[in-house]
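If you're matching positions, the sequence shown starts at 1 in our numbering and goes up one per residue.
Yeah, the Cβ is synthetic: ideal placement off N, Cα and C, and Gly gets one too.
All remarks here apply to the structure that follows.
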Amino acid sequence: MNKSIRLKHVAVVILVIISGILINQARAEELFGCKVKLCLAAVASQRPSECDPVLSALNNLLKNGDPFPKCDDARDGSYGRTFYEVCPKPLKAVGGLITDKKNILYNGIGTGDGIRRERQGERFKKLANKICADKQIGEKKMKIGERCDDDQCYPIYEYVPLFNRVLVIRPFRQAKKYTDIYISGKKYRRAYWR
C-alpha cells in the first residue's frame, strides 16, 4: 500500500514537471514570435544586429514548412510573399483601367499580393506594374484599343475612372516575404525580408 501511494506521488510529480516543460516551451515559442515581429517592425537599415539570428531562425522555420510564429501581443502571425510594395498613404491600389489628369491610361492589378510569376518558355513572363491612386474625381472617355475587320480598324472607347494622383510601382525582381506589423490594432507598416 505504501508503495502504491509512492508511485502515485511520483506520477503526479512527473506530470507536474512535464506540464511545466510544455508551458515553458509554449512561452519560449510565444517570445520568439514577438521577437520576430519586433525585428521586422524595425526598418532594415536601422535593424539592430541582435535581430540577425532571430530572422535567420525565422527563415529556417519557414523553409521547413512550419507556420509563421505567433505573438499574442501582436495582431496576428500571418505572412506572405509579394512582388510589390504597399502603396504609400493616402494612395490605394486600384484594379482595372484608370486615367489621370495627363490622359495616361493605366491598367491596375489591385494589391498585387498573391501574384505568381508565370513561365513563358525558358523565361518568366514580365510582371505588370502596380497602380496606386488617391481619389477618383470623375470619369473620362478614353481610347482603350481597336477593333479591326478586313479593310479598316475602328477605335474602341470606354469611360474609365479619372484619378487626381496616380503612382506607378514597379515589381521587385524576386518575390519578398512580408508580414504586416500592427500597433494598438492599427496597421503600422509592412515589413519585407528575403
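Provide the residue span of the alpha helix (DSSP H) that contains aspartate 52, from first to last.
Counting from 1 along the sequence shown, the entry for residue 52 is found at position 52. Start and end: 51–63.
Can you tell me whether cysteine 39 is helix, strand or coil according to DSSP?
Indexing the sequence shown from 1 puts residue 39 at position 39. In the structure shown, cysteine 39 sits in a helix (DSSP, three-state: H, G or I).
Can you check which of these residues, Ile115, Cys71, Gly33, is closest to asparagine 59 by C-alpha distance?
Mapped onto the sequence shown, residue 59 falls at position 59. If we check each option's Cα against that of asparagine 59, Gly33 comes out closest.
Given proline 155, which residues of its chain have a CB within under 7 Å of its CB, disregarding the five upstream and five downstream residues?
By 1-based counting over the sequence shown, the position of residue 155 is 155. The residues are Lys143, Glu146.
According to DSSP, simplified to helix, strand and coil, what is phenylalanine 124?
Translated into positions along the sequence shown, residue 124 becomes position 124. If DSSP states are grouped into helix, strand and coil, phenylalanine 124 belongs with the strands.
According to DSSP, is cysteine 71 helix, strand or coil?
Numbered from its first residue, the sequence shown carries residue 71 at position 71. In this structure, cysteine 71 counts as coil in the three-state DSSP scheme.
What does a CB cutoff of less than 7 Å around alanine 175 pick up in its chain, not counting 5 residues either side in sequence?
If you number the sequence shown from 1, residue 175 lands on position 175. Here the set comprises Arg81, Thr82, Phe83.
Would you kindly work out how many angstroms separate the C-alpha atoms of aspartate 134 and tyrosine 182, rounded to a whole number?
By one-based count along the sequence shown, residue 134 stands at place 134. By one-based count along the sequence shown, residue 182 stands at place 182. Using only the alpha carbons, I get a separation of about 23 Å.
When you compare only the Cα positions, how much space is there between aspartate 180 and glutamine 152?
Residue mapping note: residue 180 aligns to position 180 of the sequence shown, counting from 1. Residue mapping note: residue 152 aligns to position 152 of the sequence shown, counting from 1. Cα-Cα distance, rounded: 52 Å.
I believe phenylalanine 163 touches glutamine 136 by the beta-carbon criterion, under 8 Å. Please report the beta-carbon distance rounded to the nearest angstrom.
Taking the first residue of the sequence shown as 1, we reach residue 163 at position 163. Taking the first residue of the sequence shown as 1, we reach residue 136 at position 136. Between glutamine 136 and phenylalanine 163 the Cβ distance is about 6 Å, and since that is below 8 Å, they are a contact.
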